[in-house]
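Asker: Residue numbers (the UniProt record's numbering), protein chains in the order written: chain X, 1 to 131; chain W, 1 to 131.
Every residue, glycine too, gets a C-beta built ideally from N, C-alpha and C.
Note that the structure is predicted; figures quoted are calculated from it, not measured.
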DNA sequence: CGGTATCCGAGTCGATACTG
DNA sequence: CAGTATCGACTCGGATACCG
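1. What separation, rounded to the nearest whole angstrom, lies between the Cα atoms of residue 117 of chain X and residue 117 of chain W?
2. State the CB to CB distance for the pair residue 70 of chain W and residue 40 of chain W, rounded to an integer number of angstroms; the pair is presumed to be in contact (CB under 8 Å).
3. At a Cβ threshold of 7 Å, is residue 159 of chain W touching chain X?
4. Could you check whether the Cβ of residue 26 of chain X sits closer than 7 Å to any Cβ belonging to chain W?
5. If we ignore side chains and look at the alpha-carbon of each, how far apart do residue 101 of chain X and residue 88 of chain W end up?
6. If contact is defined by three or more beta carbon pairs under 8 Å, each pair taking one atom from either stretch, is the segment 102 to 111 of chain W in contact with the segment 103 to 115 of chain X?
7. Whose Cβ in chain W lies nearer than 7 Å to the Cβ of residue 12 of chain X?
8. Would you give the residue range spanned by the beta strand (DSSP E) that residue 116 of chain W belongs to?
9. Quick one: what does DSSP say residue 82 of chain W is sitting in, helix, strand or coil?
10. Look at the Cβ atom of residue 93 of chain X, then the Cβ atom of residue 83 of chain X, and state whether they are nearer than 7 Å.
11. Comparing the C-beta of residue 99 of chain W with each C-beta of chain X, is any distance below 7 Å?
12. Indicate the three-state DSSP secondary structure (helix, strand or coil) for residue 61 of chain X in the structure shown.
13. State buried or exposed for residue 60 of chain X, treating a residue as buried only when at least 16 other CB atoms are found within 10 Å of its CB.
14. Give me the DSSP bridge partner(s) of residue 132 of chain W.
Right, dumping it as structure tokens:
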């Protein structure tokens, strides 16, 4: 499998002496870490842009506080773009940057691992029809 | 690129209505989440097995408490295997299970993203093109 | 050698109330 | 509509001390 080959290659890099203090994997995990971050990125994947209220409706359990805070974090990290329209009524549009969209392959790889080792059914009623 | 294609495929799954409450990606992220987890998995990748003291030496800043606790968590999650030898002197050997080793492709994909968007050397804002 | 027990500070998450 | 401010519960990680 190609992926395994590349993973082996990566292992070799690790073995070559990559320090763990400035580990890019850990840093990325910390970026993704946070109860709502992936959920919000998910939602923003579905459309070219999304308004605050739309996100709030899509994520019924999130509070305004958390939505704002997470959105700000993601914006600061360069993953989400915020565009404000000061018309009447005012509104804001959130969208994913290229950096944010590039997270999709990562999510996909995680998803594959989860399917295999966490179990497809435990992972929810995904559209695994006949597959 | 093949990976992009599959990621697109995955996006379609998400769009198909995958709920976010039982999201496998989030669950996996929570498994990986923890200051020392990836570091320990890293170390265990380097050798077929590793003793407690070896791990402690490889991760100088970790305390016994955290090492034990993280190892136990990882064991409970089926990622790490613990084998105890009650000889004199007694010792313990830790190793990665297949489930644990299968995390490598995930790490690799995260690593690729980090290289590109976190920058190989610095935490720069990545190659943002007019997207 | 390979841990366990306990305490504590810092950070995360959520509820509530209020605003331009 | 799209937030901000504040407070408290809970969890995580680290320090310290001790054990089979």
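Answerer: Taking the coordinates as given:
1. Counting from one through the first chain, the residue named residue 117 of chain X turns up at place 117. Counting from one through the second chain, the residue named residue 117 of chain W turns up at place 117. Distance between the alpha carbons of residue 117 of chain X and residue 117 of chain W is about 28 Å.
2. In the second chain, the residue the question calls residue 70 of chain W occupies position 70. In the second chain, the residue the question calls residue 40 of chain W occupies position 40. Yes, residue 70 of chain W and residue 40 of chain W are in contact; Cβ-Cβ is about 6 Å, under 8 Å.
3. No information on residue 159 of chain W is available, as it lies outside the stretch 1 to 131 that chain W covers here.
4. As a position in the first chain, residue 26 of chain X is number 26, starting the count at 1. By this cut-off, residue 26 of chain X is an interface position.
5. On the first chain, residue 101 of chain X is found 101 positions in, with the first residue counted as 1. On the second chain, residue 88 of chain W is found 88 positions in, with the first residue counted as 1. For residue 101 of chain X and residue 88 of chain W, the distance between alpha carbons rounds to 55 Å.
6. yes
7. Against the first chain, residue 12 of chain X aligns to sequence position 12. The contacting residues do not exist; residue 12 of chain X stays about 11 Å from chain W at best.
8. Along the second chain, one-based indexing puts residue 116 of chain W at 116. Looking at the DSSP string, residue 116 of chain W is not in any beta strand (DSSP E); the run it does join, the alpha helix (DSSP H), is 104 to 117.
9. Against the second chain, residue 82 of chain W aligns to sequence position 82. Of the three classes helix, strand and coil, the one that applies to residue 82 of chain W here is strand, per DSSP.
10. To locate residue 93 of chain X, count along the first chain from 1; it is residue 93. To locate residue 83 of chain X, count along the first chain from 1; it is residue 83. Yes.
11. In the second chain, counting from the first residue as 1, residue 99 of chain W sits at position 99. Taking Cβ atoms only, chain X reaches closer than 7 Å to residue 99 of chain W, which makes this a yes.
12. Walking along the first chain from the start, residue 61 of chain X turns up at place 61. Residue 61 of chain X falls in the coil class under three-state DSSP.
13. Locating residue 60 of chain X in the first chain gives position 60, counting from the first residue. It is exposed - the Cβ of residue 60 of chain X has fewer than 16 other Cβ atoms within 10 Å.
14. Examination of residue 132 of chain W is not possible in this model, given that chain W is present from 1 through 131 alone.
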